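J.: Each residue of the first sequence is one higher than the last, beginning at -15 in our numbering. Right, I'll just put the structure down here and ask away after.
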Amino acid sequence: MFRTNTCGELKITDVNKTVTLAGWVQTVRKFGSITFVDLRDRYGITQLLLNETLNAQLETNPLGREFVLQASGKVTERSSKNVNIATGEIEIAVERFTILNKSITPPFTIQDDTDGGDELRMKYRFLDLRRNAVKKNLELRYAVGRSTRNYLHENNFMDIETPFLIKSTPEGARDFVVPSRMNAGQFYALPQSPQTFKQLLMVSGYDRYYQIVKCFRDEDLRADRQPEFTQIDCEMCFVEQEDILQMFEGLVRRIFKDVKNIDYTEVIERMTWEEAMWQYGNDKPDIRFGIKLNNLKFPSHTFADKENISSIITSDFAVFNEAETVLAICVPNCSDYTRKQTDELVEWVKRPQIGMKGLAFIKYNTDGTFKSSIDKFFTNDQLKNIAAACHAVAGDLILILAGAEEKTRKAASDLRMYMGTTLGLRKADDFKLLWVLDFPLFEYDEDGNRWVARHHPFTSPKPVDINTMINNNPAIENAAEYLKHPYANIKANAYDMVLNGNEIGGGSIRIFQRELQEKMFAALGMDAEEQQHKFGFLLGAFEYGAPPHGGIAFGFDRLCSILGGSESIRDFIAFPKNNSGRDVMIDAPSTIDEKQFEELQIRLDVK
RNA sequence: GGAGUGGUAGUUCAGUUGGUUAGAAUGCUGCCCUGUCACGGCAGAGGUCGCGGGUUCGAGUCCCGUCCACUCCGCCA
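Written as structure tokens, this is what we have:
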């Protein structure tokens, strides 16, 4: 037996027990003839005391950081205690120890506040994983997984594995492809999600399916996007949208309780996509704070009060007059911003990532007066009316952006988020869930002058829109006026769950009739032959009694990182890839042997 | 595909207007130290300033190119 106890469990009540511990040397503190060693394992740190006799042994075999050590001795009460660690009241009076293995000096310190940079930590990830800071993220991930499995199991969901070597369908994200040796010239694709398989499982009658499963997308990466990532993938049959929303509100509440000990009992807010876009400029709004967008001009979409608001910004100010959209946000208690501060905001929106030409502001001073960067063009009464339209009160700072609709809306949303962060309104330990509903079924693809599925091609339209879809030609005659095409207004039975401004899950009620699915594929520009080639198996299955069904998938890594209070998902994945999709520890991807190419009958022609 | 920021000791960083021997902290090594727990004290070693080219009497510093990392836009049904 290597050890009788772990390094995290011995307490004052264990004094006088004879124990054996095994672990890694965290630090060595030498005081002449006695030496303290902090021994670390997964469970904690226990102090070892090496007396004069054993100290002599260290002369010939000195200990270094990260040596693997086995030590036996008696648990004793410390004469000076350390209240900062769980085992701080005791130490082990070591009687004998064995160096099980040596370590060369690690390239960075194995501490919570390590001196290692990201690149180095990733190269030596096996050392980085020894750090408490990363370990607790993986523990949180494990807890979220367990909570999920428990909840879904209790609700009759069945975990069924689906294949990783599947068929490439170049809709949506780019596929990772895998050559088939036994079928020369042919390729598998790694799944972007188990979408079609879980639908087939519904046809098979496994009415509640789930899987915590790896998915693969060959697209550019971000702090919160990895080429391989994990989803909580779920599907149910004989359900309507409301059933799914209820079931998975339950899941998220359970996770909050199990993992964070938070009773999320409040009603989970819901808003339509349309509302989200016009109130927050974004389909995944952070509703922990207000600062909603106010439309100061005729919006091109239907929206409340447009008649009343439109006259407010009438003046000689060409920027507003010529802009497609004018949006304002009202930032509370910031009317005292200095010239320097407002200038910084102007520069902020002019950055290439935002790309606005400028930013107008109105200070609604606490004494009720107005001071504005557009004083020249607007009377005091007009400023007052604009302020009223923005629901501003004295002390507020109104920020106004003008320009092309989509760009301005995105900029206003970014500015809102920036102000929210600046003002400390986005606290990591404050959680607010939201359902965004009624997404458009189609999105216009400018390059192809065609419709693409906003969610995916298996999403069903709202029942009231089915006839619109069936009875209209999907062809877009006038590209400039695509918004007037009947398809532009078709809404989907699709829903996203949003947590603190992050999309954590999304799903839909699916199409389950062959005819409607064919119509959907046709709307996306697929002729009958192509449909058969790509999705013949699904269309065929729909003819054998496919039940109504729908589902949802949660981004597991992202959910864990948000619960852990981090922007990046990388430290919630044991072995993540870097920005370029490389694993710098094992150095992948890499070239392969000539023999492998021969077996695959593939010749390289790198451009 | 595009934009921004960065690359200097093992590590994290500083380095002024282009000017003598490129610094700090930490880590590492050695010596001292019986109650530390971020131990302390003394001494020491440690540098292809990412790489290539250019300007200059002289480049860590300026210019061009390139590679790498991070963040963002595009992309991510």
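For each residue, glycine too, the CB sits at the ideal point set by N, CA and C. All figures in this text were calculated on a predicted structure; none of them were measured in a lab.
1. Between D(-2) and V67, how many whole angstroms is the CB-CB distance? I'm expecting something under 8 Å.
2. Touch check for the segment 151 to 167 and the segment 129 to 140: three-plus C-beta pairs under 8 Å?
3. By alpha-carbon positions, which one of R438, P441, E430 and K475 ends up nearest to N462?
4. Do you know whose CA, among Q501, C318 and L547, lies nearest I450's CA?
5. Measuring CA to CA, which of T30, V12 and F81 is closest to T71?
6. Run the CB neighbour count on A437, radius 10 Å, all protein chains shown included, and call it buried at 16 or more, exposed below.
7. In three-state DSSP terms, what is G342?
8. Output needed for A6: all residues of its chain with C-beta closer than 6 Å, excluding positions within five of it in sequence on either side, in chain order.
9. Cα-Cα, which of I384, L385 and K368 is closest to V377?
10. Just tell me which of L385, F141 and Y190 has its CA closest to the CA of I358.
11. Over the uninterrupted alpha helix (DSSP H) stretch that includes L425, give me the two end residues.
12. Mind listing, in chain order, the continuous beta strand (DSSP E) runs of no fewer than 3 residues lying wholly within the segment 419 to 466?
13. Would you mind sorting R393 into buried or exposed? The rule is 16 or more other CB atoms within 10 Å of its CB.
14. Are L229 and W435 close, meaning C-beta to C-beta below 8 Å?
15. Apply the 10 Å Cβ neighbour rule to N140 and answer buried if 16 or more other Cβ atoms are within range, or exposed otherwise.
16. Taking L467 as the reference, which of R494, F505, N484 and P424 has the closest Cα?
17. Taking C-beta to C-beta, are F519 and Q497 nearer than 8 Å?
18. Could you check the C-alpha separation between E219 and L(-6) for me, to the nearest Å?
19. Which same chain residues, not among the five before or five after E212, have their C-beta less than 6 Å away from its C-beta?
20. Report all residues from its chain with a CB closer than 6 Å to the CB of D555; omit the five preceding and five following residues, and keep chain order.
21. Quick one: which unbroken beta strand (DSSP E) runs of 3-plus residues sit fully inside the segment 304 to 355? Chain order, please.
22. Could you name the residues of the same chain whose beta carbon sits closer than 8 Å to that of Y248, not counting the 5 residues immediately before and after it, in chain order?
23. Pull the bridge partners of R254 from the DSSP assignment, please.
24. Does DSSP put R114 in a helix, a strand or coil?
25. Near T11, what residues of its chain come up, given a Cβ to Cβ distance below 6 Å and the 5 sequence neighbours on each side ignored?
26. If you reduce the DSSP assignment to three classes, tell me which class I592 lands in.
27. For D96, count the other beta carbons within 10 Å of its own beta carbon; 16 or more makes it buried, fewer makes it exposed. Which is it?
28. Identify, in the order they occur along the chain, each residue of the same chain with its Cβ nearer than 6 Å to the Cβ of N116, setting aside the five sequence neighbours on each side.
29. Candidates R542, F538 and N(-11): which alpha carbon is nearest Q179's?
30. Since F171 sits in a beta bridge, which residues does DSSP pair it with?
31. Nearest CA to the CA of C318: which residue from L277, D208, L381 and G491?
32. My understanding is that H439 touches A476, with C-beta atoms under 8 Å, so please give their C-beta distance in whole angstroms.
33. Spell out the partners DSSP gives W8 in its beta bridges.
34. From the DSSP output, in three-state form, read off C607 for me.
35. For the alpha helix (DSSP H) containing D365, name the first residue and the last one.
36. Give a yes or no on contact between the segment 254 to 268 and the segment 558 to 577, applying the rule of three or more CB pairs nearer than 8 Å.
T.: Answer, in terms of the structure:
1. Not quite, the Cβ-Cβ distance comes to about 18 Å (not below 8 Å), so this is no contact.
2. no
3. E430
4. Q501
5. T30
6. buried
7. coil
8. F(-14), R(-13) and Q54
9. K368
10. L385
11. First-last for L425: undefined, no H or E at that position.
12. 426 to 429 and 434 to 437
13. buried
14. no
15. exposed
16. P424
17. no
18. 46 Å
19. K198 and F200
20. V118 and N121
21. 309 to 315 and 344 to 348
22. V236, R237, F240, K241, F415 and L417
23. W419
24. coil
25. D22
26. Past the boundaries of the shown model lies residue 592; the chain is included only from -15 to 591, so the question cannot be answered.
27. exposed
28. D96
29. F538
30. P163
31. L381
32. 6 Å
33. R24 and V52
34. The requested residue 607 does not occur in the structure, where the chain is confined to residues -15 to 591.
35. N364 to A373
36. no
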